[in-house]
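To keep things clear, I will list the structure first and then write my remarks on it.
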Amino acid sequence: MRLPRFEYFKPDTLEDTLDLLSDHKDDASILAGGTDLLVRMKKGLLSPRVLISLKALNNLSYIQANDGSISIGATTPLADIIASDLIQTEAAALSQACEKVGAVSLQHYRGTIGGNVLQNNRCHHYNQSRFHRSGRQACHKAGGKICYARDEADRCYSTCQSDGATALMALGAKLVLVSKGNDRTVDLADFYTNDGIVPFAMESHELLKEIIIPVKGGSSAYQRLAYRSAIDYPIVCAGVLLGVTDDKIDKARIVVGAMGRSPLFLSQASSSLSGKDLTDYKAFKAAAYQAMGSAAPFAVHNVGSTLEYRQAMVEKMVFRALTDAATAAIA
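Using my numbering, the letters of the sequence shown map in sequence onto residues 996 to 1326.
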């Protein structure tokens, strides 16, 4: 499979990058690590006329401790996040999620946190070669009027399988988006459109510059299930954050990924843990079961696994993540 023809730019400054995005808009795609973008281009899923590389923008790769938050540059390699003592201590779920992305070689040489968050929604029926797709009618995501993941669906049910986004939503992260002459900060939970075709509430001339994680104490953890420990995308994953006061949970965030068009923040299951002891595994079981019930309606046949199995595994992943976070908080 060959890449389609495109014009390539490698700007030296953020300002030049934003100028190029402003000029080319929908015709341009951003190249950071390229682990998702280049594969999609080779399969004929995307044919941008212009690629704008961020490889020269070293000032977008950093991990900084601020007063009450952690800032991570969008081009920060996954390997740097995994190795960061600050992330391991204050945002363990993110470190654990990045460890699961791809293989070690991808983490060291290609993958970036911004690219992982902006990874396009996937579908087992859509993310195939051009030859494979030519044998059937085009789906919604390919410009057609059919969804192979859900019969008679009037919209695209492609799924967000980003490990990093699931962990970051559990941590209550915000994104800093910049464009020529403007910038804005948006909660990650508000960044998704619930549209499988265009999953992000982001303009074509905008660039993800930074991720901000609030640090308010507590403990976090991430769990995921995939067919193989490396390379594969998750078929179910869960990120949790437990705020702790006097060995009791004062606030919890439970997020389930790879089940819907965005990571799913499950408010009812999260609020059920308020006031519970860190050793109340019965409460963890109940919250995990409730999480399974809340996430199940979003699941469709599009990640190469049965609905029944994925739904059942939501409970397992949430319970394991809650147990890991509680254990870390006690230690």
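Using N, Cα and C, we set each Cβ at its ideal position, and we do this for glycine too.
- One thing to note: Lys1095 has its Cβ no nearer than 8 Å to the Cβ of Asp1031.
- Assigned with DSSP and collapsed to three states, Leu1081 falls in helix.
- Annotation: Thr1322 to Val1251 spans about 20 Å, alpha carbon to alpha carbon.
- The beta carbon of Ala1264 lies closer than 7 Å to those of Ile1249, Ala1282, Gln1285, Ala1286 and Ser1289 in the same chain, with the five residues before and after it left out.
- Distance between Arg1305 and Ala1133, taken at the CA atoms: about 26 Å.
- Boundaries of the alpha helix (DSSP H) around Cys1093: Ala1087 to Lys1095.
- A distance of 8 Å or more separates the beta carbons of Leu1236 and Ala1253.
- Cβ-Cβ separation between Leu1052 and Thr1012: approximately 7 Å, consistent with a contact (criterion under 8 Å).
- Met1164 is classed as buried because its beta carbon has at least 16 other beta carbons within 10 Å across all chains shown.
- Using a 10 angstroms sphere on the CB of Pro1194, the tally of other CB atoms reaches 16 or more, which defines it as buried.
- Taking the C-beta atoms as reference points, Pro1229 is found no nearer than 8 Å to Ser1064.
- With contacts defined by Cβ atoms closer than 8 Å, Ile1244 and Leu1268 form a contacting pair.
- DSSP lists no beta-bridge partner residue for Gly1130.
- A residue is called buried when at least 16 other Cβ atoms come within 10 angstroms of its Cβ; Lys1204 meets this threshold and is buried.
- The DSSP-derived three-state label of Val1034 is helix.
- Judged by beta-carbon spacing, Asn1297 lies beyond the 8 Å limit of Arg1256, meaning their Cβ atoms are not closer than that value.
- Excluding sequence positions up to five before and after Arg1035, its CB lies within less than 6 Å of the CB of Leu1041, all in the same chain and listed in chain order.
- Here Ala1316 is buried: its Cβ has 16 or more other Cβ atoms, across all protein chains shown, within 10 Å.
- Cβ atoms of Phe1004 and Pro1043 stay farther apart than 8 Å, at about 11 Å.
- C-alpha of Cys1142 to C-alpha of Gly1270: approximately 43 Å in a straight line.
- Shortest Cα-Cα distance from Asp1227 to any of Ala1088, Ile1082 and Gly1097 involves Gly1097.
- Annotation: Gln1123 to Asp1272 spans about 47 Å, alpha carbon to alpha carbon.
- Counted as a single uninterrupted DSSP element, the beta strand (DSSP E) harbouring Phe1004 occupies residues Glu1002 to Phe1004.
- Assigned with DSSP and collapsed to three states, Tyr1217 falls in strand.
- Taking the Cα of Lys1038 as reference, the smallest distance to any Cα among Gln1059, Ile1108, Arg1125 and Gly1028 is reached at Arg1125.
- Shown here, Gln1306 sits in a helix according to DSSP, grouped into three states.
- Gly1191 and Arg1150 do touch by the CB rule: their CB atoms are close to 7 Å apart, below 8 Å.
- Our two residues, Asp1075 and Val1112, have alpha carbons roughly 16 Å apart in a direct line.
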